[in-house]
Amino acid sequence: MQLDSLYQEIILDHYRTPHHAGLADPYDVEVHHVNPSCGDEVTLRVELDGDTVTGVTHQSVGCSISQAATSVMSDLVIGKPVAEGMATYEKFLELMQGRGNVEPDEEVLEDGVAFAGVAQFPARVKCALLGWSAWRDATAQALAKAETSAKKEGVSNV
Amino acid sequence: MTGARTFSSPLQPSFESPLDWHTVRADFPILSRELSGGYPLIYLDSANSSQKPRQVVQAIEEHYLIHNANVARAMHQLGAEATAAYEGGRDKVAAFIGAPNRDEIVFTKNASEALNLAAHTLGAALKPGDEVLITEMEHHSNIVPWQLACERTGATLRWFGVTDEGRLDLSNIEELINEHTKVVSLTWVSNALGTINPITDIAAKAHAVGATVVVDASQAVPQFPVDVSTLGADLLAFTGHKAVGPTGIGVLWGRYELLAQLPPFLGGGEMIEVVRMTGSTYAPPPARFEAGTPPIAQAVGLGAALDYLAGIGMDKIAAHEQAITAYALEGLKTVPGLTILGPTEAVERGGAVSFELDGVHPHDVATVLDTRGIAVRAGHHCARPVHERFGVQSSTRASFYLYTTPEEIDALVDGLGCVRSFFKVA
Numbered sequence: 110m111q112l113d114s115l116y117q118e119i120i121l122d123h124y125r126t127p128h129h130a131g132l133a134d135p136y137d138v139e140v141h142h143v144n145p146s147c148g149d150e151v152t153l154r155v156e157l158d159g160d161t162v163t164g165v166t167h168q169s170v171g172c173s174i175s176q177a178a179t180s181v182m183s184d185l186v187i188g189k190p191v192a193e194g195m196a197t198y199e200k201f202l203e204l205m206q207g208r209g210n211v212e213p214d215e216e217v218l219e220d221g222v223a224f225a226g227v228a229q230f231p232a233r234v235k236c237a238l239l240g241w242s243a244w245r246d247a248t249a250q251a252l253a254k255a256e257t258s259a260k261k262e263g264v265s266n267v
Numbered sequence: 168m169t170g171a172r173t174f175s176s177p178l179q180p181s182f183e184s185p186l187d188w189h190t191v192r193a194d195f196p197i198l199s200r201e202l203s204g205g206y207p208l209i210y211l212d213s214a215n216s217s218q219k220p221r222q223v224v225q226a227i228e229e230h231y232l233i234h235n236a237n238v239a240r241a242m243h244q245l246g247a248e249a250t251a252a253y254e255g256g257r258d259k260v261a262a263f264i265g266a267p268n269r270d271e272i273v274f275t276k277n278a279s280e281a282l283n284l285a286a287h288t289l290g291a292a293l294k295p296g297d298e299v300l301i302t303e304m305e306h307h308s309n310i311v312p313w314q315l316a317c318e319r320t321g322a323t324l325r326w327f328g329v330t331d332e333g334r335l336d337l338s339n340i341e342e343l344i345n346e347h348t349k350v351v352s353l354t355w356v357s358n359a360l361g362t363i364n365p366i367t368d369i370a371a372k373a374h375a376v377g378a379t380v381v382v383d384a385s386q387a388v389p390q391f392p393v394d395v396s397t398l399g400a401d402l403l404a405f406t407g408h409k410a411v412g413p414t415g416i417g418v419l420w421g422r423y424e425l426l427a428q429l430p431p432f433l434g435g436g437e438m439i440e441v442v443r444m445t446g447s448t449y450a451p452p453p454a455r456f457e458a459g460t461p462p463i464a465q466a467v468g469l470g471a472a473l474d475y476l477a478g479i480g481m482d483k484i485a486a487h488e489q490a491i492t493a494y495a496l497e498g499l500k501t502v503p504g505l506t507i508l509g510p511t512e513a514v515e516r517g518g519a520v521s522f523e524l525d526g527v528h529p530h531d532v533a534t535v536l537d538t539r540g541i542a543v544r545a546g547h548h549c550a551r552p553v554h555e556r557f558g559v560q561s562s563t564r565a566s567f568y569l570y571t572t573p574e575e576i577d578a579l580v581d582g583l584g585c586v587r588s589f590f591k592v593a
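As you go down the protein sequences, you meet chains A and B in turn. In this text, residue positions in the first sequence follow my numbering: the first is 110, and each later residue adds one. In this text, residue positions in the second sequence follow my numbering: the first is 168, and each later residue adds one.
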């Protein structure tokens, strides 16, 4: 097992200076996700404007892989339509579950390609997915919330 | 079987143990494995699960290949052999922990199930106003079953705190153990801190108010001689796989008079006396608590495991564990930025050492060590509250057993130096 393939410099950079760290206001939904087997925790806030992700901020305790993956994930989804972010997640998940046999698409994953080596450390895959699972949950909740309030407005307008 | 060995380390002056660990290691083929990168396996995760000697695996193999059948209910010759083998496992467990009566040994699937059995059956008598007392250093398996029991019954859960040194805070024991206390359940040896708790003293205070004492001995039975007849516990739980035995079997020992008063836990075959559609009567202990086909081959394996440990001598194993723990504590103290959680001297302390390394998360510590063949545990070790007590989210834990060598400790200390330089905290 090659340590350098796991801990690429990009990952260590994101770990040391995570992007979008620190919880911002305003936000639509806040979630708290944990990895019960190891104790890693992330609190994440999402703000949407219609179908576009306008803000993701996070505060987490965890290892270099989980912190760096959350940082990279934030970069990848902010400013993009929700559907594009979800599609990027699918690509990232495919890479993580590929046991090192999946060629990462740098066009889509950008700094996320640095996590290709994680796929060869099965125990660490869940670290790389923690931030993503928090973002997907928060975003799904934010969309549901927007839909509910739109319906309410619709009713009051009648 | 074993003679004393000494070892001189480049890092530390000397190491003495009554065990000939080279002979012991020859019984554990896995310890000769080479891992990725050509590194020899250095297994420092025995508090999580111990490795198994050839003798245990052979006993299980022989049982399955030659004697296999169901127990008790099979009326044929193999059934008789399987029953004798299973009940023979019970005899060996009883002898190993000093139980005065073989019927005091209940087989479960693990220590968690044994503790759940205790919480469920003792919990049946709890009511609002009653108190259950545990400690902040428990494994989750000795916290959650009692939380559930208290939720079901309206009883109140209380706990001993932990001092900065990682010992039980007994300063408020007179208040914590009072006339409302019905159950005191605590670990003998902390899996996270290594602390050995004064069971007998606490049990005496608990008995004075009429409380029942439950002991989680998962980290104790593998490590040192245990005699339940003098300990003071009423119920005691441990697991096979941490004591060089197989997975899938645990033990609940209980004083017979207490077991005989407890209601059943799981219902099913073998735990009954007479079943009618209108109601059933139950078998006496231990059968009352062993519904369904039990872990038969595992009981055979556990018997072989305890024979193996007894053959070496639990006093020698305890002395080796003590020596290796002292050696490890001294070695770890030489690593800059390393903080030990729990007692820092090998006094009233078991062979599991959890620590933090400044600037590097435990997962990253474990991964770097793993690439050098060193297996440790990283996380909260199923003891989140005690980590919270020390203001940390997780830790790295190295744990030792009868086959652990001082060379392996040197490799750990050396590996931690590599961790620090890799993450540029050196």
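Glycine included, every Cβ here is placed at the ideal spot set by N, Cα and C. It should be emphasised that the depicted structure is a prediction, and the values quoted were computed from it without experimental measurement.
Compare the C-beta of residue 182/A against all C-beta atoms of chain B and say whether one is closer than 8 Å.
Judged by the 8 Å Cβ criterion, residue 182/A is not in contact with chain B.
Show which residues of chain B have a CB atom less than 7 Å away from the CB atom of residue 112/A.
Per Cβ cutoff of 7 Å: 535, 538 and 589.
Helix, strand or coil for residue 244/A per DSSP?
Look at residue 244/A here: in three-state DSSP terms it is helix.
With a cut-off of 8 Å, do at least 3 Cβ pairs link the segment 557-565 of chain B to the segment 473-491 of chain B?
These segments do not touch.
The segment 157-170 of chain A contacting the segment 214-222 of chain A, beta-carbon criterion three pairs below 8 Å:
Too few Cβ pairs lie closer than 8 Å, so no.
Taking only beta-carbon atoms, is residue 347/B less than 8 Å away from chain A?
Not an interface residue.
Give the range of the beta strand (DSSP E) segment to which residue 283/B is assigned.
No beta strand (DSSP E) holds residue 283/B; the alpha helix (DSSP H) holding it covers 278-290.
Distance between residue 246/B and residue 372/B (C-alpha atoms, nearest Å):
Distance between residue 372/B and residue 246/B, taken at the CA atoms: about 46 Å.
Residue 168/B, DSSP secondary structure in three states
Confidence in residue 168/B is poor, its pLDDT being 43 and thus under 50, which makes the residue's placement too unreliable to answer from.
N- and C-terminal bounds of the beta strand (DSSP E) containing residue 352/B:
Note, residue 352/B: beta strand (DSSP E), 348-354.
Quick check: is the beta carbon of residue 556/B nearer than 8 Å to any beta carbon in chain A?
At least 8 Å separates the CB of residue 556/B from every CB of chain A.
Secondary structure of residue 501/B, DSSP reduced to three states
Residue state for residue 501/B is assigned as coil, using DSSP reduced to three classes.
Would residue 206/A be called buried (16 or more neighbouring beta carbons within 10 Å of its own) or exposed?
With fewer than 16 other Cβ atoms within 10 Å, it is exposed.
Three Cβ pairs or more, each shorter than 8 Å: is that satisfied between the segment 247-257 of chain B and the segment 498-516 of chain B?
The segment 247-257 of chain B and the segment 498-516 of chain B do not touch, with fewer than 3 CB-CB distances between them shorter than 8 Å.
Less than 8 Å between CB atoms is the rule here; does residue 173/A satisfy it with respect to chain B?
Closer than 8 Å: yes.
Under the rule that 16 or more other beta-carbon atoms within 10 Å means buried, what is residue 260/A, buried or exposed?
Looking at its Cβ environment, which holds fewer than 16 other Cβ atoms inside 10 Å, residue 260/A is exposed.
Apart from the five residues just before and just after residue 113/A, which ones in its own chain have a Cβ nearer than 6 Å to its Cβ?
The beta carbon of residue 113/A sits closer than 6 Å to no other beta carbon from its chain once the five residues preceding and following it are set aside.
Kindly say whether residue 545/B, judged by its beta-carbon, lies nearer than 8 Å to any beta-carbon of chain A.
Taking Cβ atoms only, chain A reaches closer than 8 Å to residue 545/B, which makes this a yes.
At a CB-CB cut-off below 7 Å, which residues of chain B make contact with residue 115/A?
Neighbours of residue 115/A on chain B, chain order: 534.
How long is the line joining the alpha carbons of residue 475/B and residue 174/B, rounded to whole angstroms?
If you take the alpha carbons of residue 475/B and residue 174/B, they lie about 24 Å apart.
Compare the C-beta of residue 224/A against all C-beta atoms of chain B and say whether one is closer than 8 Å.
No - not a single Cβ of chain B is within 8 Å of the one on residue 224/A.
Could you tell me the alpha carbon to alpha carbon distance between residue 257/A and residue 251/A, rounded to whole angstroms?
Near 10 Å, if we compare the C-alpha coordinates of residue 251/A and residue 257/A.
So, are the CB atoms of residue 380/B and residue 351/B less than 8 Å apart?
Cβ distance < 8 Å, so residue 380/B and residue 351/B count as in contact.
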